[in-house]
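*Asks:* Numbering (UniProt numbering), first residue to last: 1 to 210. Backbone N, C-alpha and C fix where the C-beta goes; we use that ideal spot for every residue, glycine too. What follows is a structure written as structure tokens; I'll ask about it next.
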Amino acid sequence: MVGTATRWHNLRNLLKIRFGPGAAVLPPNVTRIHMDFARNIRGGHMGPRKFWQEILPRLKYHNPLVPMIVCRRLANEGPATMTIYLRKSTSETAPESDGSDLAKDSAPSAALVSSGVTPNGVPAPAPQPDETTITIDMKNLHTETILTKFLDATKAIAVEPTPEESKEIAEDRLMSGKAEIDRVRVKTLVDEQRRERDMLERARKDLAGI
Numbered sequence: 001m002v003g004t005a006t007r008w009h010n011l012r013n014l015l016k017i018r019f020g021p022g023a024a025v026l027p028p029n030v031t032r033i034h035m036d037f038a039r040n041i042r043g044g045h046m047g048p049r050k051f052w053q054e055i056l057p058r059l060k061y062h063n064p065l066v067p068m069i070v071c072r073r074l075a076n077e078g079p080a081t082m083t084i085y086l087r088k089s090t091s092e093t094a095p096e097s098d099g100s101d102l103a104k105d106s107a108p109s110a111a112l113v114s115s116g117v118t119p120n121g122v123p124a125p126a127p128q129p130d131e132t133t134i135t136i137d138m139k140n141l142h143t144e145t146i147l148t149k150f151l152d153a154t155k156a157i158a159v160e161p162t163p164e165e166s167k168e169i170a171e172d173r174l175m176s177g178k179a180e181i182d183r184v185r186v187k188t189l190v191d192e193q194r195r196e197r198d199m200l201e202r203a204r205k206d207l208a209g210i
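Take a look at the structure:
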């Protein structure tokens, strides 16, 4: 029984990160992503924060080699921006290269989402000579709007589940619904037992006072 529950839990976590908003494959010309916003959600920073917490993990799962830097600042003043770095087309770069100098000329190759908090944030660095940038003003935007702007800017391709995976997702939702019903039933039973114990305790005290 424990083994089955563990497998279901692991499958649920895998499905959660593989599919959903942000599950998309970036084109090869996207070299890195930089986010800068306030740690506190006041002043229009809730959307960026939710994007970092809910959307970015799926993007990173499907694009593990793309560095994603998240800078959160203590000061609420200032913008909330996402900077997308794109490699220029070969026609825009000169001289042509065989690719041997890509490692030294391109962006850092961080393997994970890098996140940190600083007093005043860290501005997005200047692009490399072979890069151009697109900046999204995330302030006061809902997470879904930020994602739409991001997908439009990068031309990322959404990852859709196969029929078998869709079946697993449906089964997971069904089991999640049953688990919630079971939790409600257990809570109702526990509350009823607690009320009965309280009534018995009050009755014993009343009898002791006679």
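What three-state label does DSSP hand Ala103 in the structure shown?
*Replies:* With a pLDDT of 33 at Ala103, under the threshold of 50, the modelled position of this residue cannot be trusted, and the question is left open.
*Asks:* Spatial neighbours of Gly43 within its chain, please: C-beta separation below 7 Å, excluding the five flanking residues on both sides.
*Replies:* Asn76, listed in sequence order.
*Asks:* So, helix, strand or coil for Val190, using DSSP?
*Replies:* Looking at Val190 - three-state DSSP - the assignment turns out to be helix.
*Asks:* Can you tell me whether DSSP reads Ile146 as helix, strand or coil?
*Replies:* Looking at Ile146 - three-state DSSP - the assignment turns out to be helix.
*Asks:* Going by the beta-carbon positions, is the gap between Thr154 and Leu56 smaller than 8 Å?
*Replies:* No, these two residues do not count as a Cβ contact at 8 Å.
*Asks:* Rounded to the nearest angstrom, what separates His34 and Lys149 at their Cα positions?
*Replies:* Their Cα atoms are separated by approximately 15 Å.
*Asks:* Expressed to the nearest angstrom, what Euclidean distance is found between the alpha-carbon atoms of Ile146 and His62?
*Replies:* One C-alpha to the other measures close to 18 Å.
*Asks:* Taking 8 Å as the threshold (C-beta atoms), are Ile17 and Ala82 in contact?
*Replies:* Here residue 82 is Met; the residue named in the question, Ala, does not match the sequence. Contact flag unset, no.
*Asks:* Tell me which residue opens and which closes the alpha helix (DSSP H) that Met46 is part of.
*Replies:* Element bounds for Met46: 46-50.
*Asks:* Please state whether the Cβ-Cβ distance between Glu131 and Leu86 is less than 8 Å.
*Replies:* Cβ atoms of Glu131 and Leu86: closer than 8 Å.
*Asks:* Closer than 8 Å by C-beta to Pro119: which residues in its own chain qualify, once you throw out the five before and the five after it? Chain order, please.
*Replies:* Excluding positions up to five away in sequence, the list reads Arg73, Leu74, Ala75.
*Asks:* Can you tell me which of Lys187, Trp52, Ala23 puts its alpha carbon nearest to the alpha carbon of Gly116?
*Replies:* The shortest Cα separation from Gly116 among Lys187, Trp52, Ala23 belongs to Trp52.
*Asks:* Over what stretch of residues does the beta strand (DSSP E) that includes Arg32 continue unbroken?
*Replies:* First-last of the beta strand (DSSP E) with Arg32: 30-38.
*Asks:* State the Cα-Cα distance for the pair Pro123 and Glu160, rounded to the nearest angstrom.
*Replies:* Looking at the two C-alpha atoms, the distance is approximately 34 Å.
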